[in-house]
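**Student:**
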Amino acid sequence: QSSVTLFGIVDTNVSHVNKANGASDSVTGLGINGNATSRIGFRGVEDLGGGLKAGFWLEAGLNPDAGDGKSGGAAGPGLEFKRRSTISLMGGFGEVRMGRDLAPSYAKVSSYDVFGQVGFGSFQGWKNWVGAGAVTTSDSDGIRQSNMLAYYTPNFGGFTAGLGYGFDEQTTGKNGRYMGGFAAYDNGPLSLTLALDRREVGGGALGGIAFSGNKDSWTIGGSYDLSVVKLNALAQQNRYKADGFDGSAKFNAYALGLTAPIGAGQVRLQYALYDQKAIDAKAHHLALGYVHNLSKRTAVYGTLAHMSNKDLSDLGLGAGGVNNGTPGAGENQSGLSIGIRHSF
Amino acid sequence: QSSVTLFGIVDTNVSHVNKANGASDSVTGLGINGNATSRIGFRGVEDLGGGLKAGFWLEAGLNPDAGDGKSGGAAGPGLEFKRRSTISLMGGFGEVRMGRDLAPSYAKVSSYDVFGQVGFGSFQGWKNWVGAGAVTTSDSDGIRQSNMLAYYTPNFGGFTAGLGYGFDEQTTGKNGRYMGGFAAYDNGPLSLTLALDRREVGGGALGGIAFSGNKDSWTIGGSYDLSVVKLNALAQQNRYKADGFDGSAKFNAYALGLTAPIGAGQVRLQYALYDQKAIDAKAHHLALGYVHNLSKRTAVYGTLAHMSNKDLSDLGLGAGGVNNGTPGAGENQSGLSIGIRHSF
Amino acid sequence: QSSVTLFGIVDTNVSHVNKANGASDSVTGLGINGNATSRIGFRGVEDLGGGLKAGFWLEAGLNPDAGDGKSGGAAGPGLEFKRRSTISLMGGFGEVRMGRDLAPSYAKVSSYDVFGQVGFGSFQGWKNWVGAGAVTTSDSDGIRQSNMLAYYTPNFGGFTAGLGYGFDEQTTGKNGRYMGGFAAYDNGPLSLTLALDRREVGGGALGGIAFSGNKDSWTIGGSYDLSVVKLNALAQQNRYKADGFDGSAKFNAYALGLTAPIGAGQVRLQYALYDQKAIDAKAHHLALGYVHNLSKRTAVYGTLAHMSNKDLSDLGLGAGGVNNGTPGAGENQSGLSIGIRHSF
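Protein chains in written order, with my numbering: chain V, 1 to 344; chain P, 345 to 688; chain Y, 689 to 1032.
What follows is the structure, encoded as structure tokens:
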């Protein structure tokens, strides 16, 4: 019993978005998760002897602006351990992990987003690109996976890798099945990761046609730490292919970012390009952020971002807790959030 | 991590209500929250140095009679931090608090209800007076507010004050917006508080007409401790005004109460008058309670109450966990509950 | 505050079922609760002096394969203390317990199921035998009860007993009411328990006729520990009787099991017969399991089971977390699960 660690994060901010919908209305509100995703969790590790360890990890998202908890793919308002709920066996062989967790093809390579996958500056490559109504298989954004058996290697001189298999649990068909992994190399200032995955999706319609098929993704990321500044880069392709059809719908995404320490703070700058080949449209996403650490556990932050949509592109800044949607095809959206994050 | 406090309350009782519905059926059951609202929470404070502190508070309601958790305005059965989910910065300047919390116009002034806003004796001024179907904006009872930025002053020689602003987060209109505050003076045996708020409400119908407008409330409360007995008083007005209409619907409420320590216990007596001007009807509410402390954390209690409705008034005793409704217009309702409360 | 114990279990496995539906499709997936039901809880005891103690217990089910929490009769996906949410007063007189809990007629006597009421080998006597659509009163499986006042005796030289009364909280009728109890004798290698209960059920239809009536059950269980092997036996009858009709629908169930310690592990073998008198059909259920303890808190396990349905019987192995249904009337189902359980 003494081995349980209770941990969490509460992050709130005041956010303003200028074109929060297709009518160009603006919205201001109490936003959340501008610097880190609010959560509460319980985890622990037990030493079994002989180099073997067992561990558990239960982590739930929560929305401190309204008190409910829908993060991490949760379906309803009540608290759920949807961010992570796993049991692990660890040893010299690495780690075997069972349950719901970040997909191995996301966990490591997403770290090259200098905005940490939250707030107005978050790199938006992991998304259900073909629309909420089109592909209803849960977790089709590629971030998390339920019913997963995963294996993570130990660190071999800087090399690490991870593999995951998510059961579809279907009696017929294979909707929901996931296979993915990554290989990474970390050495001094250099970090490189390649991630690949395939997800069987279905239950929706793409362009009016009932869709069942697969989504194949690859992501390459890297960073180099020059001490005064750290450079980050990401390149990604998501390809949807319907069973029985030739051709595929491609959505490419790229990011270039840098972080620079300034005293107790950190400046963050990132440019992302969302090249939506399937609809022949692009969006440019520029974000500037500053995080000032009041302590190891508490920080204040500000993020300013702009999304410039071209042609049919209709992406919004997608931050949490304020009622902001997308600005309409070809329209732009700007957002500013100033907030505080506390970890416990 | 070591700074997290896990806290909560479990309160259950056996309750009987004589006219639990319009057919004068009675109901007996396992009730909850007769002495304090059942809850579980996590909170902590971090000293940032220089007199500055950061804190978080996550508190969820729960219903120990059935194990679900719907308290504090929760929409579904799952656990939610709907009672309070805030992050604070505190210092010599007072406290800035962000998130969902008790409204500043409720938090302090409601303390003059000698039944602590729970059970058959609870003062019922904070209520959606115009009906559940009429004004659907959440939190229209005036107790809690989501998306709120609040400020609490330090104590200046007995004077304290608090202000809150709840964002509506609407792209058009302002339904859900809250502005409110209080000023209080506490000195020796005397305590006085004035609270004011305005809430923008809408999305329903009042008297068959689509309602969008505001609810303005003021509450004055005070207490004086004569040692052998402590006197309490409350006066409140809730005024609903539809946009574009003259006139308003008023609901006034008053309470006079006393508490008296008897050994390890406390006797409570309160009379409340609900003068529902808008429908020209009154209700008289009389309650007698006794709380016997078995320890600082555990108490047994009993509450006996009677609601006397006149004319169109149809108020019930509204206690938790038993299936009791209202007795019908002009009908009376009596209730008795005997229970136990344990804090941890 | 220091008295709160945080506890829980995470249990996942890889499970395969050969005939998971009426079309004889098989399913393989990440299952849960093969050795123990996954949960998280908070409990504590306070010494009130004079031999009196107060305690609380809040325990929620959770599904680590997907991160949601529906166990213990929970209606939605969010975390709920549906496994147990009670407050107790304990002393020389025994224990008075209020809230939601295991029914006294289930808690003790179910321990003679050598598979601990989980996984493919679980004895299935506690079930809503007349179908999910037929009798919608919650908790009609006889396992748990809300709104319950229960009393447990102290141990009198090996004799113990418990009684529970669950309020229906109905203004008319008595659907949901529970009365039940047990008497047990434990002495050295011998353990014997008799349990009885009556539950008022309604709100559904039995054979196309609106059903309102009662479900009476009795269960006898016993075990004898021969050191090298421990023998277990269970016999049970569930009888549904509709108000205003003669006759009743009977469902009998029997189990014979044994456990044998082997080093750090335990072998389990159980045969159960479900004699569904009401539909004149039988099912035979055979299961073999092995649990290997890696520590007091962590174990790996495997369970192999076969359900042989005769005539109209259509029972499945009913394990958690994989999408397995019933094989169809008169069809058989086999299942294998291999997993890990960690307690904290």
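Here a beta-carbon is modelled for each residue, glycine too, at the ideal position from N, C-alpha and C. The model shown is predicted, which means the values in this text are computed figures rather than measured ones.
1) To be precise: take each residue of the region 45-63 of chain V, compare its Cβ to all Cβ atoms of chain Y, and keep it if any distance is under 8 Å. Which residues remain?
2) For the alpha helix (DSSP H) containing residue 792 of chain Y, list its first residue and its last residue.
3) Give me, in chain order, the residues of the same chain whose beta-carbon lies closer than 8 Å to that of residue 375 of chain P; leave out the 5 immediate sequence neighbours on both sides.
4) In the DSSP output, which residue or residues are listed as bridge partners for residue 336 of chain V?
5) Label residue 262 of chain V either buried or exposed according to how many other C-beta atoms from any shown protein chain fall within 10 Å of its C-beta, with 16 as the threshold for buried.
6) Against residue 825 of chain Y, what residues of chain P qualify as contacts under a CB-to-CB distance less than 9 Å, listed in chain order?
7) Report buried or exposed for residue 533 of chain P, applying the criterion of at least 16 other Cβ atoms within 10 angstroms of its Cβ.
8) For residue 429 of chain P, which residues of its own chain have a beta-carbon under 6 Å away from its beta-carbon, when the five flanking residues on both sides are left out?
9) So, for residue 459 of chain P: in the same chain, excluding its five sequence neighbours on each side, which residues have a beta-carbon less than 8 Å away from its beta-carbon?
10) Taking the beta strand (DSSP E) that residue 814 of chain Y belongs to, which residues open and close that run?
11) What number of angstroms, rounded off, separates the C-alpha of residue 508 of chain P from the C-alpha of residue 42 of chain V?
12) Please classify residue 1032 of chain Y as buried or exposed, where buried requires at least 16 other C-beta atoms within 10 Å of its C-beta.
13) In the DSSP output, what is residue 261 of chain V paired with across the bridge?
14) Take residue 36 of chain V and list the residues in its own chain whose beta-carbon comes closer than 7 Å to its own, dropping the five residues that flank it on each side.
15) Given a cut-off of 8 Å on the beta-carbon distance, is the pair residue 941 of chain Y and residue 962 of chain Y in contact?
16) Mapping the DSSP letters down to three states, classify residue 967 of chain Y as helix, strand or coil.
17) To the nearest angstrom, how far is it from the Cα of residue 770 of chain Y to the Cα of residue 422 of chain P?
18) Compare the C-beta of residue 37 of chain V with all C-beta atoms of chain Y and state if any pair is closer than 8 Å.
19) How is residue 455 of chain P classed by DSSP in three states: helix, strand or coil?
20) Can you grab the Cα-Cα spacing for the pair residue 775 of chain Y / residue 331 of chain V, in whole Å?
21) Smallest Cα separation from residue 748 of chain Y: which of Y:735, Y:768 and Y:755?
22) Counting pairs of beta carbons, one from the region 978-989 of chain Y and one from the region 825-843 of chain Y, are three or more of them closer than 8 Å?
23) Name the residue from P:582, P:658, P:604 and P:546 whose alpha carbon lies nearest to the alpha carbon of residue 625 of chain P.
24) In or out: residue 347 of chain P buried (at least 16 other Cβ within 10 Å) or exposed?
25) Can you round the beta-carbon distance between residue 849 of chain Y and residue 871 of chain Y to whole angstroms, since I take them to be within the 8 Å contact cut?
26) What residues are listed by DSSP as bridge partners for residue 239 of chain V?
27) Counting only Cβ pairs nearer than 9 Å, list the residues of chain P close to residue 692 of chain Y.
28) Excluding sequence positions up to five away, which residues of its chain have a Cβ less than 7 Å from the Cβ of residue 345 of chain P?
29) Could you tell me the distance, in whole angstroms, from the CA atom of residue 56 of chain V to the CA atom of residue 40 of chain V?
30) Any Cβ of chain V within less than 8 Å of the Cβ of residue 544 of chain P?
31) Considering only the beta carbon of each residue, do residue 827 of chain Y and residue 815 of chain Y sit closer than 8 Å?
32) Quickly, what does DSSP pair residue 741 of chain Y with across the bridge? List them, please.
33) When you check each C-beta in the region 323-340 of chain V against every C-beta of chain P, which residues fall closer than 9 Å?
34) Measuring CB to CB, does residue 514 of chain P end up less than 8 Å from residue 447 of chain P?
35) Residue 790 of chain Y touches chain P at which residues, Cβ-Cβ below 7 Å?
**Tutor:** In short, the structure shows the following:
1) 46, 48, 49, 52, 54, 55, 56, 58 and 60
2) 792-795
3) 356, 357, 358, 359, 409, 663, 664, 665, 666, 681 and 683
4) V:16 and V:304
5) exposed
6) Within 9 Å Cβ-Cβ: nothing; residue 825 of chain Y doesn't reach chain P, min ~13 Å.
7) exposed
8) 402, 443 and 444
9) 465, 466, 467, 601, 612, 614, 631, 633 and 647
10) Unbroken run through residue 814 of chain Y: none, as it is neither H nor E.
11) 33 Å
12) buried
13) V:266
14) 9, 11, 116, 118 and 341
15) yes
16) helix
17) 10 Å
18) no
19) helix
20) 58 Å
21) Y:768
22) no
23) P:658
24) exposed
25) 5 Å
26) V:216 and V:250
27) 350, 351, 352 and 688
28) With a pLDDT of 41 at residue 345 of chain P, under the threshold of 50, the modelled position of that residue is not reliable, and the figure given next carries that caveat. Contacts found: none.
29) 14 Å
30) no
31) no
32) Y:735 and Y:778
33) 323, 324, 325, 339 and 340
34) no
35) The contacting residues do not exist; residue 790 of chain Y stays about 12 Å from chain P at best.
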